[in-house]
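Q: So in my numbering, spot 63 of the sequence shown is number 105, and the numbers just go up one at a time.
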Amino acid sequence: MLDIKKIRGDFPILRTEVNAKPLIYVDNAATTQKPQQVIDTILDLYTNTYSNVHRGVHQLSQKATTLYEGARETVRKFINAGSVKEIVFVRGTTEGVNLVASSYLEPLLKAGDEILISEMEHHSNIIPWQMLVERKGAKLVIIPMMEDGNLDLSGLGKLLNNRVKLLAITHMSNSLGTINDVSTIIDQAHARSIPVLLDGAQSVAHFPVDVQALDCDFFVFSGHKIYGPTGIGILYAKEKFLNSMVPYQSGGNMILNVSFEKTEFNEIPYKFEAGTPNIAGSIGLAAALDYISSLGISNIDHYERELLLYATEQFEKIEGLRIIGTAPNKGCIISFVLEGIHPHDIGTIMDMEGVAVRTGHHCTQPVMDYFNIPATTRVSLSFYNTKTEIDGIVRAIQKVKEFMG
Ligand code: PMP
């Protein structure tokens, strides 16, 4: 369904050689490469239509504003939000979580309240909550994980008590690949009137996300993990929450009227976009989403699942290799350990073969603690990867084993 050869042609960096070998880029969970369409959009903006947005009456400002607000509509459509008012441009997933912690939860949270997260969260969906509970004398409660990398939801009913003020959970784990059953989790939380934040950093680039169908209250993701620029991300929040929230940062753009006595804040979403925004980032992100839509996110999902299946089968044949994260419903991430060889050495030797993998704790130290390992080597795939590349990765792993004896 996808013409992978043509798609690979869209990504100039994939023509790079590393150590005189063709680059095999499988560090997509850390960040994705950019198609020419995104690069051209940004180049064209700075060449032909760049100006500051919102406040100018001159033509360039109006053109840039149209593109910037058009980008908001592209994002709305991509995740099927009900209104552009619910789309806030932020710096990335991390800033989205921090914004919800500061502007939504902080004013509500009292001593003795609880915030529920899971054992497989990225640090950016742990620390903002940890700092908040410390400030408020509240408590962080953890949904436990099981050996296959699924969450143990058997006790969720009990955990969702009336002290819980928010449940914040990852849609798809960046270190295990697990896709959580968020619909069930959201239903159960909503039955107790507990709002839910989904960390969509890993999910949104790989399978269709419909925030209205999911009925999540907050959804955050980063542009750079969905083939767009760095420094831009999205906070989706239901209108009723955004309206009730206090501003995150203050300054220009987020106001209607200012005097030394009093300031009247702008309407949503502008109330949360203080200062000159990341204009090129937003427009570049929209170009990336248009690119994904032109391929079809369901086609991407289908192809990547096939790729994951093939990679898993090949990896399982390698003696001494253990896959960390074997949940039945997984996105295209394979974390593994090789008996007796440190992941740092694995990554270094694989790099000599042109293979770009990530090694470390992947900002999920509690996951490493659970499995009692310091780190893993992570192969994270994209629709521009191929079965031939997976064969190359397997050969590189064999080289690691030979080299390390
Ligand atoms: N959550 C998850 C699941 C992630 O994979 C990442 C990035 N590795 C983040 C949050 C943080 O994203 P960013 O650094 O773009 O803010």
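Positions of the beta carbon are idealized from the N, C-alpha and C atoms, including for glycine.
Quantities reported herein were computed from a predicted structural model and do not represent experimental measurements.
Give me, in chain order, the residues of the same chain whose beta-carbon lies closer than 7 Å to that of threonine 428; leave out the 5 immediate sequence neighbours on both sides.
A: Answer for threonine 428: Ile46, listed in chain order.
Q: Under 8 Å from any heavy atom of the ligand PMP, does the C-beta of aspartate 241 make it?
A: Yes - the ligand PMP has a heavy atom lying nearer than 8 Å to the Cβ of aspartate 241.
Q: When DSSP labels each residue in this structure, what does phenylalanine 378 get in the three-state scheme?
A: Strand, per DSSP.
Q: For a quick check, are the C-beta atoms of lysine 207 and isoleucine 157 less than 9 Å apart?
A: Contact flag set, yes.
Q: Let me know the secondary structure DSSP gives glycine 32 once reduced to three states.
A: Here the chain covers residues 43 to 447 and nothing more, so residue 32 does not appear.
Q: With contact counted as at least three CB pairs below 8 Å, one residue from each stretch, are the segment 77-94 and the segment 281-300 in contact?
A: These segments do not touch.
Q: Along the chain, where does the beta strand (DSSP E) that runs through asparagine 341 open and close?
A: Looking at the DSSP string, asparagine 341 is not in any beta strand (DSSP E); the run it does join, the alpha helix (DSSP H), is 339-358.
Q: Could you check the C-alpha separation between glutamate 430 and valine 436 for me, to the nearest Å?
A: For the sequence presented, residue 430 should be read as threonine rather than glutamate. Computed Cα separation, rounded: 10 Å.
Q: Do serine 215 and isoleucine 375 have their beta-carbon atoms positioned less than 9 Å apart in this structure?
A: Yes, the Cβ-Cβ distance between isoleucine 375 and serine 215 is below 9 Å.
Q: Does the beta-carbon of threonine 108 have 16 or more other beta-carbons within 10 angstroms, so that it is buried, or is it exposed?
A: Answer is exposed; the Cβ neighbour count stays below 16.
Q: For the alpha helix (DSSP H) containing lysine 207, name the first residue and the last one.
A: Here lysine 207 belongs to no alpha helix (DSSP H); instead the beta strand (DSSP E) covers 206-212.
Q: At a threshold of 8 Å, does glycine 362 count as lining the ligand PMP (C-beta to nearest heavy atom)?
A: Because no heavy atom of the ligand PMP lies under 8 Å away, the Cβ of glycine 362 does not count as near it: no.
Q: Just mark valine 99 as buried or exposed, buried being the case when its beta carbon has 16 or more other beta carbons within 10 Å.
A: That one is exposed.
Q: In angstroms with no decimal places, state the Cα-to-Cα distance between leucine 202 and glycine 367.
A: Approximately 26 Å between the Cα atoms of the pair.
Q: In terms of DSSP beta bridges, what is leucine 240 paired with?
A: Partner(s): Ile211, Phe261.
Q: To which residues of the same chain is phenylalanine 263 closer than 7 Å at the C-beta, ignoring the five residues directly before and after it?
A: Hits under 7 Å: Thr135, Gly242, Ala243, Val246, Gly275, Ile276.
Q: Mind checking glutamine 254: buried by the 16 CB within 10 Å criterion, or exposed?
A: It is exposed - the Cβ of glutamine 254 has fewer than 16 other Cβ atoms within 10 Å.
Q: Whole angstroms are fine: how far does the CA of asparagine 341 sit from the CA of leucine 44?
A: Taking the straight line joining both Cα atoms gives about 7 Å.
Q: Note down the Cα distance separating glycine 112 from leucine 240, rounded to an integer number of angstroms.
A: Taking the straight line from one Cα to the other gives about 24 Å.
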